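Colleague: Take a look at the following structure, please.
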Amino acid sequence: MGALNYIVQQTMNALSLGSTYALVAIGLVMVFGVLRLVNFAHGDLMMVACYTAFFLVATGLHLGLFSILIIAILVATLVGILMERVAYRPVRGASNIITLLTSLAVSIFIENIFVMFASPVPRSFRSITPLFLNIVNHWGTLVVSNINLVIFGVAILLLIFLLLFVTRTKLGISMRATSEDLMAAQLAGINIDRVIVTAFAIGSAIAGVAGILWAARIGRIDPLMGFTPLLKAFVAAVIGGFGSLAGAVLGAYLLGFAEIFLIGFLPPSLSSYRDAFVFLLLIIVLLVRPNGILGSIEREKV
Amino acid sequence: MKRLNLFFVVSLVLVITLLAGCAKKPAEANVIKIGGTYNLTGAMASLDVPASKGSKLAVKEINAAGGVLGKNIDYILYDGKTDSATNGSIATQLVNSDKVVAIVGNTDSDSALAIGPIAQKAGIPYLTAGATSPKLPDQVGSYMFLEPFGDNVQAAAGAEFMYNELNCKTAWLLWDKGTEYTTLLAKYWKERYEELGGKILLEDTYSQGDTDFSAQIARLRTLNPQPDGLYIAALQASDGGTIAKQLRDAGVIQPIVGGDGWDGPELVGVGGKAAENVYFTTHALANAERGTPKMKAFIEAYKKEYGAEPESAFAALGYDAIYLMADAIKRAGSTDSEAIRKALSETEGFQGITGTITYPPGKRVPQKSVTIIGIKNGQYTLAAEVTPEKIPEP
Amino acid sequence: MSNINQKSLKNFISLLELLGISSILMLALAVLGLKNPYLMRVAILVGINIILVVALNLSNGFTGIFSLGHVGFMAIGAYTSSILTLTVATKSTNLPSLPIWLAHTQFGFLPALLIAGSLAALIALLIGFPLMRLSGNYVAVATLGFLVIIHIVLINWEQFTRGARTFSGVIQYTTLWWVYIWILITIYVVWRIVHSHYGRALLAVRDDPIAAQTMGVSILRSRLLAFVVSAFLSAVGGGLMAHFLTSFSPATFYFTATFNYIIILIIGGLGSISGSVLGATLVTLLTELLRNFEQSIRLYGLSQIILAAALVLIIIFYPKGLIGYREINWLQLLKLGSTKGTNNNSERR
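Chains as they are written, first to last, in the numbering used here: chain A, 179 to 480; chain B, 704 to 1097; chain C, 130 to 478.
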């Protein structure tokens, strides 16, 4: 493989990886945008969708693949809404740290429930993954599998769809209003509760989709699988700008590129320091542009 | 707020007294107490839970058959939560509060090192079901025994198999930098492989929890000429399945060789067709059709007890460990810990389902042959039984 | 004039009360532990947790620098002090490639702890300079990044840390006495800083970033002081932990540990030393109790679920923690009926 081919291959790898992070980051930012809440349990919603799909198949009910996916995403959405109602609504308006810790506690709770009842041993997701997703395309010496192409497509489409949603639809605009100023939005007659629940529902549904695609990509699920995607999405959102959907996606791709190219071009003795470099990058971004690359400069309200 | 402060303080007092109360367990005369230490929650749970199930099954069978020395085994199982402090606490509890005569458990070295010194100090023999670091007995002391072979043994077997049987004179080495087991395994393998004359064209690493190996794979593909074989030290079968899948997808078809971490149904479950031409060193072929009669009986019993086949070879290891300990107690003829230790150290030719165990004099890592399993047509088949010619020093 | 004297006397009494509570607690646990090695272990664990959480509170609670990276300082303390106290023999087997000057030395426990603490303080000073300018959320994320970086360095710097492999063979120096003395030191130091000129300034602007900006440089200096001292104490706590466990690995000082301490911190109350003391005691003991409970009914993993649920409930109903922003006042507690001189925060939210 020539040098140019190598770079192109790594670029494609980076785009693939970045797309998986983007899917997760979009959902995370969707919720944060409205509630100012970093939902630590976002990764666990992904896990819930996957396990739902897994158990539906295991019962042998012979539901079509499509129905299984719909149900799985629906379950994730319901769990997300429940989460909001039970754990987050009571602490709405509290400081950021408090809400962060609440979501952390919820995450630990859900994870351990699944560890206890669904066994910590990883399960294969292959039986649920439609065969065509596993097909690998060989373009010359370049390799890219269908699942990666699908994820890339879904990420971009989702971004476009959501951007249209928050700028063109009444509900979307209400969400933006709520995120900017809760009080003012209420005064303007917006039903805050409904807006927040909707945002959560959308965010959780996206988490469900992201979870299933993530699991299809790596081929397995386990109760603690949500932690890594959450961490990556979090980093992506910080780099790109937590308040901005496009920022989250941008951050996700930057992260993907950073990870792949650090492994690809650092000598093997240093490549294991890859995550350290990524987080160093994160700290630098925080120092220089705390709101992220696409984040707006927040005006202090006096 | 005052009321709350009072509540706080009262509950504190309550907790202290309750804790003091439950720290003392009533003594029972007619049982043999064996301690069980496994990480049933936390990062190691996926390996320890099957092992603990194997152990519990063994205890049940032994008690049903009349127990040991006429007494039933009371297997007191604690969850270490994959936390060093908790592992230390449960070891202390077992030794001081529950007053066990022996401890059987664990599949990882971190936990073994948290528990070992406490057992050692109290003179309680401690047999690990699945921790494979050959340094453990020397690090901990005379009461520490390994039930499985050491990583140096399986790494050497892997190296020799790769070099001789598979004819791989050049190789690519990939290992998980985030765990003790994989780091050691890779180190021993490299030593033996290079000693044999093999040439490692490229070494690469990943971190525990990584799910994307595309960068490392792309780097591998730049090698010209390509290596004959790939040695990959991964922690668990699902990792192996994912790595194999991504390798095959990228067009890398060379044979893959790994350690006992690769042993598990998720290898084929996750890897699918990619798992073809994958070999790994392990403790036994846990296969209902092709295994030994004893193994088949174990699988049947496991299925009956838990409703599913054993998740991995670790279930078999947990099972064997209990039987080995029971056998040692029987040979010791008493429940005195020192006698048990002596009997254990003199074990010769013990037939377990994971192989025959003999402890060479003065050594507490058993001489056991290594089973090499290969995946052919999606089936786990016996590729070889290897006793390595030369083993790297721990 | 008399007003100030009255206030400092009151403050001094509260310090004595604090030291008193801790001493009584430790005494109670020690008495239990004398007969039972398991309970002794629990007692030591409670003590180390107290030190770590009080140190964390200095940074997170009193000064508003919500650091998620303090376990990183703990790790620095653990590894540094352990490398220093290993015998030469153990060093040659476990850490064969140490530089000569290190390989042939062996330090005592106290010097090792102090050196480890100082190293952590130095690193805190270096990263503190840029980080102290950040606020709230951003500091949390940046310190999280610090934790990850430390973790990766530990995994890779095999020469000094054995990488991901277990670091074992540490001499078990930690006893309840050592822990108790360091508890007293920690409480005293934190109390002094909080009630000093620096501390008052920080408390006054903890929740008010605008005011903080107007105060400018003195705030930065105060924050840095608190951060550095907190790092020093965390490192000492880490060293005590290391010499208690006698074996550990980088995974011991990562996310799980971080969450545990943050949880204790919240339950006890941000900004209350007595809250941290009582919180650490209660949570540690409760964890052990639940663990024994789950073992007896063989429902493993139950304790984590219960604790997580409890945390959610506490955050919802008592977001300031069980003690809140103030120190527990014992005299008041005893005079239950009295409403006079309530310096307890009666606001729930």
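Backbone N, C-alpha and C define an ideal beta-carbon position, used for all residues, glycine too. Since the model is a prediction, treat every value here as computed from it, not as a measurement.
Just the chain C side, please: which residues come within less than 8 Å of T831(B) by C-beta, in chain order?
Modeller: For the purposes of this step, residue 831(B) is taken as the residue at position 128 of the second sequence. Simply none; closest approach about 13 Å.
Colleague: Only counting the same chain, and skipping five residues up and downstream in sequence, which positions put a Cβ closer than 7 Å to that of E289(A)?
Modeller: Locating residue 289(A) in the first sequence gives position 111, counting from the first residue. The answer, listed in chain order, is D222, P401 and L402.
Colleague: List, in chain order, every chain A residue whose beta-carbon is nearer than 8 Å to that of P753(B).
Modeller: Position 50 of the second sequence holds residue 753(B). Result: V299.
Colleague: In chain order, what residues of the same chain lie with their CB nearer than 6 Å to the CB of G738(B), ignoring the 5 residues before and after it?
Modeller: Counting from one through the second sequence, the residue named residue 738(B) turns up at place 35. Excluding positions up to five away in sequence, the list reads I779, L797, V803 and I806.
Colleague: Look up Y741(B) in the DSSP assignment and give the residues it is bridged to.
Modeller: Taking the second sequence and counting its residues from 1, the one referred to as residue 741(B) is at position 38. Partner(s): D782(B).
Colleague: Are any of the Cβ atoms in chain C nearer than 7 Å to that of P407(A)?
Modeller: Residue mapping note: residue 407(A) aligns to position 229 of the first sequence, counting from 1. Closer than 7 Å: no.
Colleague: Is it right to say A181(A) is buried, meaning 16 or more other beta carbons lie within 10 angstroms of its own, or is it exposed?
Modeller: As a working note, residue 181(A) is residue 3 in the first sequence. When all chains shown are included, A181(A) counts as exposed.
Colleague: Where DSSP assigns a beta bridge to V321(A), which residues make up the other side?
Modeller: For the purposes of this step, residue 321(A) is taken as the residue at position 143 of the first sequence. Answer is H316(A).
Colleague: Roughly how many whole angstroms lie between the Cα atoms of L335(A) and I374(A)?
Modeller: If you number the first sequence from 1, residue 335(A) lands on position 157. If you number the first sequence from 1, residue 374(A) lands on position 196. Their Cα atoms are separated by approximately 23 Å.
Colleague: For the segment 379-461 of chain A, which segments carrying the beta strand (DSSP E) assignment without a break, of at least 3 residues, lie completely within its bounds, in sequence order?
Modeller: The qualifying runs do not exist here; there are none.
Colleague: Taking DSSP as the reference, what is the three-state secondary structure of M847(B)?
Modeller: To locate residue 847(B), count along the second sequence from 1; it is residue 144. Three-state DSSP puts M847(B) in a strand.
Colleague: Going along chain C, which residues have a C-beta under 8 Å from V284(A)?
Modeller: For the purposes of this step, residue 284(A) is taken as residue 106 along the first sequence, with counting starting at 1. Going along chain C in sequence order, the residues near V284(A) (Cβ under 8 Å) are A437 and V441.
Colleague: Which value, in whole angstroms, describes the spacing of the CA atoms of H280(C) and P379(C)?
Modeller: Locating residue 280(C) in the third sequence gives position 151, counting from the first residue. Locating residue 379(C) in the third sequence gives position 250, counting from the first residue. Going from the Cα of H280(C) to the Cα of P379(C) covers about 6 Å.
Colleague: Quick one: list the residues of chain A neighbouring F236(C), beta-carbon separation under 7 Å, in chain order.
Modeller: Along the third sequence, read from residue 1 onward, the residue named residue 236(C) stands at position 107. Within chain A, no residue comes near F236(C); the closest Cβ sits about 28 Å away, beyond 7 Å.
Colleague: Given that Q842(B) touches chain A, what residues does it touch there, using C-beta distances under 9 Å?
Modeller: Here the question's residue 842(B) lines up with position 139 in the second sequence. Going along chain A, no residue has its Cβ under 9 Å from Q842(B), so there is no contact; the nearest lies around 25 Å.
Colleague: Below 8 Å CB to CB, which residues in the same chain sit around I1032(B) once its five sequence neighbours on both sides are set aside?
Modeller: Residue mapping note: residue 1032(B) aligns to position 329 of the second sequence, counting from 1. If we look at I1032(B) and ignore the five residues flanking it on each side, its Cβ neighbours are I735, V771, L772, V804, A805, T1038, I1043 and A1046.
Colleague: So that I know if they touch, is there some Cβ in chain A lying closer than 7 Å to that of I278(C)?
Modeller: Residue mapping note: residue 278(C) aligns to position 149 of the third sequence, counting from 1. Chain A, which has a Cβ nearer than 7 Å to the Cβ of I278(C), makes this yes.
Colleague: Within the 7 Å Cβ cut-off, does Q796(B) reach chain C?
Modeller: In the second sequence, counting from the first residue as 1, residue 796(B) sits at position 93. For Q796(B), the answer is yes, since a Cβ of chain C falls inside 7 Å of its Cβ.
Colleague: Whole angstroms are fine: how far does the CA of V960(B) sit from the CA of G901(B)?
Modeller: As a first step, residue 901(B) must be located in the second sequence, where it is residue number 198. As a first step, residue 960(B) must be located in the second sequence, where it is residue number 257. Taking the straight line joining both Cα atoms gives about 14 Å.
Colleague: Taking any Cβ of chain C, which residues in the segment 905-938 of chain B have a Cβ under 7 Å from it, in chain order?
Modeller: Those residues of the segment 905-938 of chain B that come within reach of chain C (Cβ to Cβ, closer than 7 Å) do not exist; the list is empty.
Colleague: To the nearest whole angstrom, what separates the beta carbons of A937(B) and R895(B), a pair I think is in contact under 8 Å?
Modeller: On the second sequence, position 234 is the one that residue 937(B) refers to. On the second sequence, position 192 is the one that residue 895(B) refers to. Contact flag wrong, Cβ pair sits at about 18 Å.
Colleague: Tell me the DSSP secondary structure of D907(B) in three-state form.
Modeller: For this step, residue 907(B) is matched to residue 204 along the second sequence. Three-state result, D907(B): strand.
Colleague: Would A411(A) and Y199(A) be called neighbours here (beta carbons separated by less than 7 Å)?
Modeller: Against the first sequence, residue 411(A) aligns to sequence position 233. Against the first sequence, residue 199(A) aligns to sequence position 21. In contact: A411(A) and Y199(A) (Cβ atoms closer than 7 Å).
Colleague: Within this structure, are the beta carbons of A426(A) and A192(A) separated by less than 7 Å?
Modeller: Within the first sequence, numbered from 1, the residue matching residue 426(A) stands at position 248. Within the first sequence, numbered from 1, the residue matching residue 192(A) stands at position 14. Not closer than 7 Å, so no.
Colleague: Could you tell me the distance, in whole angstroms, from the CA atom of A204(C) to the CA atom of S376(C)?
Modeller: Against the third sequence, residue 204(C) aligns to sequence position 75. Against the third sequence, residue 376(C) aligns to sequence position 247. Taking the straight line joining both Cα atoms gives about 13 Å.
Colleague: Compute the Euclidean distance between the alpha carbons of G833(B) and N178(C), then round it to the nearest angstrom.
Modeller: Here residue 833(B) corresponds to residue number 130 of the second sequence, with the count starting at 1. Here residue 178(C) corresponds to residue number 49 of the third sequence, with the count starting at 1. Straight-line Cα distance between these residues: approximately 32 Å.
Colleague: To the nearest angstrom, report how far apart G470(C) and W320(C) are at their CA atoms.
Modeller: For the purposes of this step, residue 470(C) is taken as residue 341 along the third sequence, with counting starting at 1. For the purposes of this step, residue 320(C) is taken as residue 191 along the third sequence, with counting starting at 1. Confidence at G470(C) is low in this model, with a pLDDT of 42, below 50, so its placement is unreliable and the value that follows should be read with caution. Roughly 21 Å separates the two Cα atoms.
Colleague: Chain B beta carbons: is any one of them nearer than 7 Å to that of Q135(C)?
Modeller: The residue you call residue 135(C) lines up with position 6 of the third sequence. So no, Q135(C) is outside the interface.
Colleague: Considering just the uninterrupted stretch of the alpha helix (DSSP H) at G257(C), what are its terminal residues?
Modeller: Numbered from its first residue, the third sequence carries residue 257(C) at position 128. Per DSSP, G257(C) belongs to the alpha helix (DSSP H) from F238 to L260.
Colleague: Among the residues of its own chain, which have a CB less than 6 Å from the CB of A379(A), if the five just before and after it don't count?
Modeller: Counting from one through the first sequence, the residue named residue 379(A) turns up at place 201. So the list reads T255 and I259, once near-sequence residues are dropped.
Colleague: According to the Cβ coordinates, are T413(C) and L174(C) closer than 7 Å?
Modeller: One-based indexing of the third sequence puts residue 413(C) at position 284. One-based indexing of the third sequence puts residue 174(C) at position 45. Against a cut-off of 7 Å, the Cβ pair of L174(C) and T413(C) comes out as a contact.
Colleague: What is the rounded straight-line gap between the Cα of Y781(B) and the Cα of R329(C)?
Modeller: Taking the first residue of the second sequence as 1, we reach residue 781(B) at position 78. Taking the first residue of the third sequence as 1, we reach residue 329(C) at position 200. Each residue's Cα considered, the two are about 47 Å apart.
Colleague: Counting only the same chain and skipping the five closest in sequence on each side, list residues whose C-beta sits under 6 Å from that of A978(B).
Modeller: On the second sequence, residue 978(B) is found 275 positions in, with the first residue counted as 1. Excluding sequence neighbours, A978(B) sits near A947, L970, V971 and I1078.
Colleague: Could you have a look at W286(C) and say whether DSSP puts it in helix, strand or coil?
Modeller: By 1-based counting over the third sequence, the position of residue 286(C) is 157. W286(C) falls in the coil class under three-state DSSP.
Colleague: Report the rounded CA-to-CA distance for L283(C) versus G331(A), giving the unit in angstroms.
Modeller: Residue numbering aside, residue 283(C) sits at position 154 when the third sequence is read from its first letter. Residue numbering aside, residue 331(A) sits at position 153 when the first sequence is read from its first letter. Going by the C-alpha atoms only, they are around 39 Å apart.
Colleague: Quick one: what's got a C-beta closer than 7 Å to G932(B)'s C-beta in the same chain, skipping five residues either side?
Modeller: Taking the second sequence and counting its residues from 1, the one referred to as residue 932(B) is at position 229. Same-chain partners within the cutoff: M865, L869, C871, A874, Q957, P958 and V960.
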